[in-house]
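Asks:
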Amino acid sequence: MNWLPIALLGVPLLGATLLLIPATAQGRFLRAYGLAASGITLALAVLLAATWEYGGPPLPQATVDLPWIPALGLRFHLGVDGISLPLVVLTALLTFLCFAYLCWGDARQPGQLLSGVRPRALVFTLLVLEVGMIGTFLALDLLLFFVFFEVVLIPMYFVIAIWGGPGRRAAATKFILYTLLGSVVLLLGLLIIWAQTGTLDIVALAQSHGAGMPRSVQILAFVAIGIGLAVKTPMWPLHTWLPDAHTEAPTVGSVLLAGVLLKMGTYGFARIAIPILPEGAAVVAPWLGAFAVVGIIYGALACLAQRDLKRMIAYSSVGHMGFVLLGFATLTTVGINGALFGNVAHGLITGLLFFLAGGIKERYKTADMPALGGGMLVRFPHLGALLTFACVASLGLPGLAGFWGEMLALLGSFDPAEGLSRPLYLAFMAIAGLGALLTAAYFLVMLSRVTHGRPSPRPTLAGVGGGGERGLSSAPEPASEAVLDARDARGYELVAWVPLVVLILLFGLWPKALLALTTPVVESLLGVSL
Amino acid sequence: MNSGYLDSFPAAIILLPFLAAFAGLLLVRRRRPPAEITRTLRAPDTGPSTRDEPADSAQPPNRESQPEGSQAGSPAQAEESQAGSPGDSEVLPAETADPAANRRAAWFAVIPTALAAILATWLAWSQGFAFFDRLNGSSRPTPPAGGTYGQIDTGGVPISLTLQADDLSSILAVLVTLVALAVQVYSIGYLKDDPRYPSYSAFISLFTSAMLLVVYAGDLLVLYVGWEVMGLCSYLLIGHWWEDRANSRAAVKAFLVTRLGDVGFLFGVFVLGVAADSFRISDVIAAVPQMSTGTLVAATMLLLAGVAGKSAQVPLHTWLPDAMAGPTPISALIHAATMVAAGIFLVARLFPVFVAAQPTLDVLAVLAALGMLGAALAALAQDDLKRVLAYSTISQLAYMAAGLAAGSDTAAIFHLLTHGAFKALLFLCAGVVIHHVGANLMSQMGGLRRALPVTFVTMTIGFAALMGLPPTSGFFSKDGLLVAIERALADGGLTDAAGLLLYGCALATMAVTGAYATRAWLRTFFGEVRVVALPEPEPGTAHVIDVREAPRSMLVPIVLLAVPALLLGFAVAGHLDWAAAAISVALALLGAGIVYAFWRGDPVADPARLLGPLRAPCERAFYVDTVYTALFVRPVLALARLVVSTDHRVVDGAVRGSGRSARDVSGLLRFAQNGNVQLYVSGVLAGVLLIAVGAVMLG
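If you read the sequences in order, they're chains A and B.
Counting from 0, one number per residue, gives the positions in the first sequence under numbering that gives the first Met the number 0.
Counting from 0, one number per residue, gives the positions in the second sequence under numbering that gives the first Met the number 0.
(1) What is the residue span of the alpha helix (DSSP H) that A:Val497 lies within?
(2) Are the CB atoms of B:Val178 and B:Leu345 within a distance shorter than 9 Å?
(3) Within 10 angstroms of the Cβ of B:Glu527, are there 16 or more other Cβ atoms? Answer buried if so, exposed if not.
(4) Contact criterion: CB-CB distance below 9 Å. Does A:Val521 meet it with respect to chain B?
(5) When burial is assigned at 16 or more other CB atoms within 10 Å of the CB, is B:Val603 buried or exposed?
(6) Assuming B:Ala480 and B:Ala487 make a contact with CB atoms under 8 Å, what is their CB distance in whole Å?
(7) When you compare each of A:Ile218, A:Leu525, A:Phe174 to A:Ala416 by their alpha carbons, which one comes out closest?
(8) In whole angstroms, give me the CA-to-CA distance for B:Ala581 and B:Asp282.
(9) How many Å lie between A:Leu58 and B:Gly652 at the Cα?
(10) Check whether the stretch 89-106 of chain A touches the stretch 161-176 of chain A, counting contact only when three or more Cβ pairs, one atom from each stretch, lie closer than 8 Å.
(11) Can you give the beta carbon distance from A:Leu419 to A:Pro285, rounded, assuming they're within the 8 Å contact cut?
(12) Note down, in chain order, each residue of its chain lying with its Cβ closer than 7 Å to the Cβ of A:Leu256, except the 5 sequence neighbours on either side.
(13) Is the shortest distance between the beta-carbon of A:Gln108 and the beta-carbons of chain B less than 9 Å?
(14) Using 8 Å as the Cβ pair cut-off and three pairs as the minimum, do the stretch 314-333 of chain B and the stretch 245-261 of chain B touch?
(15) In three-state DSSP terms, what is B:Leu160?
(16) A:Gly334 and A:His319: beta carbons closer than 9 Å?
(17) Is DSSP giving A:Phe75 helix, strand or coil here?
(18) For the alpha helix (DSSP H) holding A:Gln206, just list the boundary residues, first then last.
(19) Kindly indicate which three-state DSSP category A:Leu65 falls into: helix, strand or coil?
(20) So A:Leu261 and A:Thr232 are in contact, right, with Cβ under 8 Å, and what is the actual spacing, rounded?
(21) According to DSSP, simplified to helix, strand and coil, what is A:Leu19?
(22) Roughly how many angstroms separate the alpha carbons of B:Met371 and B:Ala497, rounded to a whole number?
(23) Check for me: the beta strand (DSSP E) holding B:Ile151 runs from which residue to which?
(24) Against chain B, does A:Thr178 count as a neighbour if the rule is that its beta carbon must be under 9 Å from one of theirs?
(25) Would A:Trp496 pass as an interface residue toward chain B - the criterion being a Cβ-Cβ separation below 9 Å?
(26) Does the distance from the C-beta atom of A:Leu29 to that of A:Val116 stay below 9 Å?
(27) Assign A:Leu514 to one of two classes, buried (16 or more other C-beta atoms within 10 Å of its C-beta) or exposed (fewer than that).
(28) From the DSSP output, in three-state form, read off B:Asp6 for me.
(29) Considering only residues of the same chain and omitting the five flanking positions on each side of B:Thr176, which have a CB-CB separation below 6 Å?
(30) Taking the alpha carbon of A:Val10 as the reference point, which residue from A:Thr62, A:Gln217, A:Ser37 has its own alpha carbon closest?
(31) Does B:Ile151 come within less than 9 Å of chain A when only Cβ atoms are used?
(32) Identify whether A:Gln305 lies in helix, strand or coil by the three-state DSSP scheme.
(33) Is the beta carbon of A:Ala384 sitting closer than 9 Å to the one on A:Gly507?
(34) Just to confirm, are B:Met229 and B:Ala216 a CB contact at a threshold of 9 Å?
(35) Using a Cβ-Cβ cut-off of 7 Å (strictly less than) and excluding sequence neighbours within five positions of A:Leu41, which residues of its own chain qualify?
(36) Where does B:Asp545 land, buried or exposed, given buried means 16+ other C-beta within 10 angstroms?
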């Protein structure tokens, strides 16, 4: 199975490269092409999960280890373990669903950007993005990880800057500058590790549990890497690029941004920062936990007073990522398990939420909640019901995926690792619990405002005008389009949404599916003796 | 000793309504022909759709005030939007109920619930209804049925997927399934013309399933799953008529207030689970002797928050009266069998833990004492029939909590059972009355005993049981509770002050209960028939139908529920304490007599006037809601606005500021790059000079 990681990167890369041949793909062929490229990648990811040796030793499987730049000792080292497998599959799935959303049917709906500007460039960009995202989760070499981490930024910049909303330029610039700045700090941290240990091999470094690095160096490296990852996560107060980027990004951009890009930051904590720098982690963890719970409360309060639906979901990501970071900060198996679970669950749920928000924005031509009025359950019963489902999942209802991550993070902070202050973590737990309540509050208030009540008459919708998606032809809509516009959930949307709904239910009812994967790896990374 | 097939019963009983819920949501509606789809859009699965409201689709386009920031910009846009609205109302379905879909949904709802009820009864019967043995003093240990369906390793304390049916769970499951069945059958008639009946009945099935999960759970976190899913179902069902914003608000309030308690509950589960190194209930109870008092008190206090939330006890009771916004059968379900029963059940389930934590029992006693009397007084002043019943539920639940605090879990659970029967009966009867009158307010009712003879008889039984009059079930169960409280006072089971307060409040509440039950009974069924103009059917009230008595699907459940409400008490008839019984009946009759005297004096006026100056505070339930709004809701909202503005000005302001200052600094540096060669050369010379001086000085 060692060819699988190469193939997972190769297929989308090849797919993107072939698009460089001018004037090859147009219209229907382009749509089939995009679906096929992402579909094959998803099939490979599923194959990887299917051939995965469950219950094996907690080591990377399907590894590839080739010399890359021998002079510097860099190796092209890929592999998959229990932590990265769910994320690889999630990435492939979300990318495929984005393509399904874009390409299904005749692709003439407003959300389906392929009928708009530069369809070939969009497919190319998304495939390159997929290479970077999957590569980040596969890399087992520090510098290789960094390279993929950076590769992702460029296509995402273009997705926001070309296909985004009216304020896309500023949002894209802010996104790239902010995250690049974080990456620089991250690179510094990685170089510190390299300078101290002389190796970049993540597996070897994790197995040595920080041996050979003095405590002060570990702290310095952890802070540097932590800040770099925290920008991407995002951790309060380094989050302000996120709401702008989400609000302006097109639907598929928002979905991938929330569903996968944020995961890269948290994944870095589990893959690099905590296992390689255990002493640094022990010192910095209380600070991480403090920022995390501030983020939970802050994000929830920001959501409560938010007017824009997409912006609200973006801030809810800050809160949810706070739970993930809190789980990491406990430095316990339970907490990190919870963080990893929360990671995947957030990818599914917030991915679905952004799909739905995109659908709402296309129909109402605005995501401003007062302008949306109410009565979505009257006007679009399917859409309203799905939105209710996604919100309920996101507020952490047991039986749906969102609950287990939060619960385990809280359980972890109830009983944190030795050497951490118990009262402090109990306070974190109490504050985070309050945050969970506020999370429920803002989602339910939003549902009450948007889905309940009677629909406001049409004028308020058309009054905002324009804005929306740029891919849409800007000519005034004919009457037939207005009726079409009022359609409930359409085929191409359901194709993209239903798999997420099913997975949210599945992981909620059967959390063991994920926990059985991550537990052994987390225990070995933390050096917990079995 | 168990025969093997019984072990699979709990899982089957839980799964039946669970699967029914999914089937009801996904399979009931059929796709319509495409031509029709473009005209009227309907919800084939999860989506509830519009009610039939011709007034709504015919409304003028600009009826609602335009939200700020979305004003129509140009005349052209305004014109376009005006043009859009007729098309819009065309698209908006002028929808009526689909009788075929409703019929299918009814089958999906009733059959699995009936099967679950049969299985639950079978299970309890094969265990010999052991709970009643315990109530009668002979404790014969019954081996619990159930099984473990795997274990979830979390890396810490594992979660074991265990279901267990002991005497307590078995008897409660019978109550839950039977009341749920009654509610499902009743709802067929009650929501006959409701286009959202399919999703409604599916949510009831889910609700039932969640409550059964709580009842049968053998692991605290499994229990928590059911506990929270019930919160969601109550949200969905209380907000069933969400066209009205007030109903939507009530639903949100119910969810949030209970969730506030649930956060504490989850932490309490953590304390117990980590202390016992297992979330399994049997392990936790077995580990109680090893736990420190501090741990036990902390755990039970935290659990108590969840109990107060779910069982609507002071100080988290405020959601329950507002929950009357839901359809009346839902009130019956929430008040009798699910949701509020869960809190009392949980304390009984973990009773050994609570008994070991004396301070918690004292707190519970004080909360119960305040809750029972306050809620009873509030019930006396309400004009809305359903709100009277809602406050009476809070009061009766406080009785059960009092029994638990006094150290008798059996008496509390027995009252839970009888209360489940008679409160479900009362709500379903109230539903018939409301259905008939078309309003909730008692000031619009009166003289209904001739129009609704069956309902009159059954509701009289219900009120008698609520007052605790012999020979109804409530008489026996209240007697048991009063005996338990007396004993706790005598034995010092409670701290003296708490015990005295509890006993005093319990006696006073007996009288007030008699008063408000009599008032509701008299004002509904006696006196003049008020002439009421039948209002338009609005969301929040039932449809008005003019038949003399309700349809059979509504009457049959009522009559069947009247039987246990009347007779269930005889299960323990041998253990009556006649002195306590005499006191409680005398007090109830005293309260009833006073109200009757006031009512005789002026049948049209409200007997609530006997409260005098207390009437206004009672009607507003002592302003607790107002206080909470001022103390919690407004500050949180203000804080939220503060955060948004801070985020924009300070946090993001720093980011934008750093970007701007970078540009400013580069602007400064640009002055140096002015293309003047002399300046460059002077700069280079100055640099060389600096280096030379530095080298000399340091070298």
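C-beta atoms are modelled at their ideal positions from N, C-alpha and C, and glycine is treated no differently.
Values in this document were obtained by computation on a predicted structure and should not be read as measured data.
Replies: In terms of the structure at hand:
(1) Your numbering for residue 497 of chain A matches position 498 in the first sequence. Counting along the chain, the alpha helix (DSSP H) containing A:Val497 begins and ends at 490-508.
(2) As a working note, residue 345 of chain B is residue 346 in the second sequence. As a working note, residue 178 of chain B is residue 179 in the second sequence. No, the pair does not count as a contact, with Cβ atoms beyond the cut-off.
(3) Numbered from its first residue, the second sequence carries residue 527 of chain B at position 528. Flag for B:Glu527 reads exposed.
(4) Numbered from 1 along the first sequence, position 522 holds the residue referred to as residue 521 of chain A. True, the Cβ-Cβ gap to chain B drops below 9 Å.
(5) Counting from one through the second sequence, the residue named residue 603 of chain B turns up at place 604. Counting Cβ neighbours within 10 Å, B:Val603 comes out exposed, since fewer than 16 surround it.
(6) Here residue 480 of chain B refers to the residue found at position 481 when the second sequence is read from its first residue. Here residue 487 of chain B refers to the residue found at position 488 when the second sequence is read from its first residue. This sequence places Leu at residue 480 of chain B; Ala is not what is there. At roughly 11 Å, the Cβ-Cβ gap does not stay under 8 Å, so B:Leu480 and B:Ala487 are not in contact.
(7) What you label residue 416 of chain A is simply residue 417 of the first sequence in a count that begins at 1. Here the closest residue by C-alpha is A:Leu525.
(8) In the second sequence, the residue the question calls residue 581 of chain B occupies position 582. In the second sequence, the residue the question calls residue 282 of chain B occupies position 283. Distance between the alpha carbons of B:Ala581 and B:Asp282 is about 43 Å.
(9) Counting from one through the first sequence, the residue named residue 58 of chain A turns up at place 59. Counting from one through the second sequence, the residue named residue 652 of chain B turns up at place 653. Between A:Leu58 and B:Gly652, the C-alpha separation is close to 45 Å.
(10) no
(11) Translated into positions along the first sequence, residue 419 of chain A becomes position 420. Translated into positions along the first sequence, residue 285 of chain A becomes position 286. Confirmed, about 6 Å.
(12) For the purposes of this step, residue 256 of chain A is identified with residue 257 of the first sequence, where counting begins at 1. The residues are Met155, Ala244, His245, Ala248.
(13) The residue you call residue 108 of chain A lines up with position 109 of the first sequence. No, its Cβ sits nowhere closer than 9 Å to a Cβ of chain B.
(14) yes
(15) By one-based count along the second sequence, residue 160 of chain B stands at place 161. Correct three-state label for B:Leu160: strand.
(16) The sequence position of residue 334 of chain A within the first sequence is 335, counting from 1. The sequence position of residue 319 of chain A within the first sequence is 320, counting from 1. It is not a contact, given that the beta carbons lie outside the stated cut-off.
(17) Mapped onto the first sequence, residue 75 of chain A falls at position 76. Strand.
(18) Residue numbering aside, residue 206 of chain A sits at position 207 when the first sequence is read from its first letter. Unbroken alpha helix (DSSP H) run through A:Gln206: 201-207.
(19) As a first step, residue 65 of chain A must be located in the first sequence, where it is residue number 66. Residue state, collapsed to three classes: strand.
(20) Your numbering for residue 261 of chain A matches position 262 in the first sequence. Your numbering for residue 232 of chain A matches position 233 in the first sequence. The Cβ separation is near 6 Å, so the contact holds.
(21) As a first step, residue 19 of chain A is located in the first sequence; it is residue number 20 there, counting from the start. Here A:Leu19 sits in coil by DSSP.
(22) By 1-based counting over the second sequence, the position of residue 371 of chain B is 372. By 1-based counting over the second sequence, the position of residue 497 of chain B is 498. Near 14 Å, if we compare the C-alpha coordinates of B:Ala497 and B:Met371.
(23) In the second sequence, the residue the question calls residue 151 of chain B occupies position 152. Start and end: 144-151.
(24) Residue mapping note: residue 178 of chain A aligns to position 179 of the first sequence, counting from 1. Output row for A:Thr178: interface = no.
(25) For this step, residue 496 of chain A is matched to residue 497 along the first sequence. Chain B, which has no Cβ nearer than 9 Å to the Cβ of A:Trp496, makes this no.
(26) As a position in the first sequence, residue 29 of chain A is number 30, starting the count at 1. As a position in the first sequence, residue 116 of chain A is number 117, starting the count at 1. Not in contact: A:Leu29 and A:Val116 (Cβ atoms no closer than 9 Å).
(27) Within the first sequence, the letter at position 515 stands for residue 514 of chain A. Per the 10 Å Cβ criterion, buried.
(28) Here the question's residue 6 of chain B lines up with position 7 in the second sequence. Correct three-state label for B:Asp6: helix.
(29) In the second sequence, residue 176 of chain B corresponds to position 177, counting from 1. Answer for B:Thr176: Ala115, Ala116, Ala119, listed in chain order.
(30) Sequence index remark: in the first sequence, residue 10 of chain A carries index 11 (1-based). Nearest C-alpha to A:Val10: A:Ser37.
(31) Locating residue 151 of chain B in the second sequence gives position 152, counting from the first residue. By this cut-off, B:Ile151 is an interface position.
(32) By one-based count along the first sequence, residue 305 of chain A stands at place 306. Coil at A:Gln305, not helix or strand.
(33) On the first sequence, residue 384 of chain A is found 385 positions in, with the first residue counted as 1. On the first sequence, residue 507 of chain A is found 508 positions in, with the first residue counted as 1. Not closer than 9 Å, so no.
(34) For the purposes of this step, residue 229 of chain B is taken as the residue at position 230 of the second sequence. For the purposes of this step, residue 216 of chain B is taken as the residue at position 217 of the second sequence. No, these two residues do not count as a Cβ contact at 9 Å.
(35) Mapped onto the first sequence, residue 41 of chain A falls at position 42. Hits under 7 Å: Ala91, Leu92, Phe95.
(36) Within the second sequence, the letter at position 546 stands for residue 545 of chain B. Because B:Asp545 sits at a pLDDT of 48, beneath the cut-off of 50, its placement in the model cannot be relied upon, and the following sentence gives the value as read from the coordinates. Result: exposed.
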